[in-house]
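Please read the structure below before turning to the comments.
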Amino acid sequence: MTTPYPIGTPGLAWGAAEKSAWRSRQTVKRSYETDVLDAINGLRTRFDITQYGELDDGARRYPLLAIRSRHWRDELPTVFVTGGVHGYETSGVHGALQFADRHAAEYAGRVNLVIAPCVSPWAYERIHRWNRDAIDPNRSFRENSPAPESAALMDLIAPFRDGVLAHVDLHETTDTDESEFRPALAARDGVAYEPDEIPDGFYLVDDTENPQPGFQQAIIDAVAKVTHIAPADAKGEIIGSTVVSPGVIRYPLKKLGLCAGMTDAKYKTTTEVYPDSPNATPEQCNAAQVAAVCAAIDFALAHTAMPG
443 MTTPYPIGTP GLAWGAAEKS AWRSRQTVKR SYETDVLDAI NGLRTRFDIT QYGELDDGAR
503 RYPLLAIRSR HWRDELPTVF VTGGVHGYET SGVHGALQFA DRHAAEYAGR VNLVIAPCVS
563 PWAYERIHRW NRDAIDPNRS FRENSPAPES AALMDLIAPF RDGVLAHVDL HETTDTDESE
623 FRPALAARDG VAYEPDEIPD GFYLVDDTEN PQPGFQQAII DAVAKVTHIA PADAKGEIIG
683 STVVSPGVIR YPLKKLGLCA GMTDAKYKTT TEVYPDSPNA TPEQCNAAQV AAVCAAIDFA
743 LAHTAMPG
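The sequence shown maps to residues 443 to 750 in my numbering.
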């Protein structure tokens, strides 16, 4: 028998009082300014840095910054890279920053890059999936979004939305998904918590409505050189979804309001790194995210007619 979540009444969805109680338990554990803003500022000599919004939690403000190709060409396709939609996903944030620093220059003149490395800074500092209102930004990429993080990102990409060729959204699956986040979700929504397995290894989420198996396979092949790929469980599933090929499942991205479904890009994927594996170091996790982005761009360019 599982222990009830410490906030709320089993079977009843949270109201304002429960959300306030939850928020009071969230403490700052790391610095968005030091880890993210300083890293972005170090890129200003090579990229255009855009502030596309600001979050205000009453105590402080969080500027939302994106990294853009300096020599933008309207005729080129755009590649969109996002990290930290769930703030606790460390390698999503640092993998995006590492890609910008070490590899983005390789694609200059071939694609326009838009990189939003930390979509949810409040949650990044508190190592949580939700924003301060107990809303999951990664279920909120839809019109009239309840999450300001999601709404701001949609505004950022709106001018380039129709030209996005590929979108890589960098995530993690961690042991705390089962110890904290899924129990909290069940409590918030007033439903029973049903335990699940945490897959040991890297996997991808393809789009049910526009599957691209060759694209996903190219990413899996590249990441397998860096870290191990998650096997299916005894039911042939990963986190409750059928494994369609090694390390790949599918979700209806747009219908669920997921970040990777916010554009009509032909090539889109959500990465899932497993940082709690005894066989993966933080450096490997960051490198897996970078490898995924590079493989995604390489595949998309190889299968797209470029302007002359």
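Ideal placement from N, C-alpha and C gives every residue a C-beta, glycine not left out.
Owing to the predicted nature of the structure, the values given are computational and were not obtained by experimental measurement.
Annotation: the stretch 447-506 contains the following complete segments of the alpha helix (DSSP H) (minimum length 4 residues), in chain order: 458-466 and 480-483.
Ranked by Cα distance from Leu698, the first of Val647, Ile662, Asn721 and Val686 is Val647.
Distances from the alpha-carbon of Ala702 to those of Arg502, Gly500, Tyr474 and Arg584 put Arg584 closest. Contact annotation, Ala455 with Gly632: C-beta distance approximately 4 Å; criterion of less than 8 Å satisfied. Distances from the CA of Ala666 to each of Glu679, Thr684, Phe644 and Asp649 were compared; the closest alpha carbon is that of Phe644. For Ala729, the secondary structure class from DSSP, reduced to helix, strand or coil, is helix. Put simply, the backbone Cα of Tyr474 is about 6 Å away from that of Pro563. Per the coordinates, the alpha-carbon of Gln654 lies some 11 Å from the alpha-carbon of Ala608. The closest CA to that of Asn728, considering only Val668, Ser683, Asp480 and Glu622, is found on Val668.
The beta carbon of Arg467 lies closer than 6 Å to none in the same chain, with the five residues before and after it left out. In this structure, Ala664 places its C-beta atom within 8 Å of the C-beta atom of Ala734.
In this chain, the beta strand (DSSP E) harbouring Tyr645 covers Tyr645 to Asp649. In the three-state reduction of the DSSP assignment, Arg568 falls in the helix class, which pools H, G and I.
Its chain contains Phe489 and Asp490 as the residues whose beta carbon lies nearer than 6 Å to that of Arg512, once the 5 sequence neighbours on both sides are disregarded; these appear in chain order. Relative to the Cα of Pro673, the nearest Cα in the group Tyr504, Pro641, Gln659 and Leu612 belongs to Pro641. Distances from the CA of Ala744 to each of Glu614, Ala634, Ala660 and Thr476 were compared; the closest alpha carbon is that of Ala660.
Bridge pairing for Ile509: Ile491 and Ile557 [DSSP].
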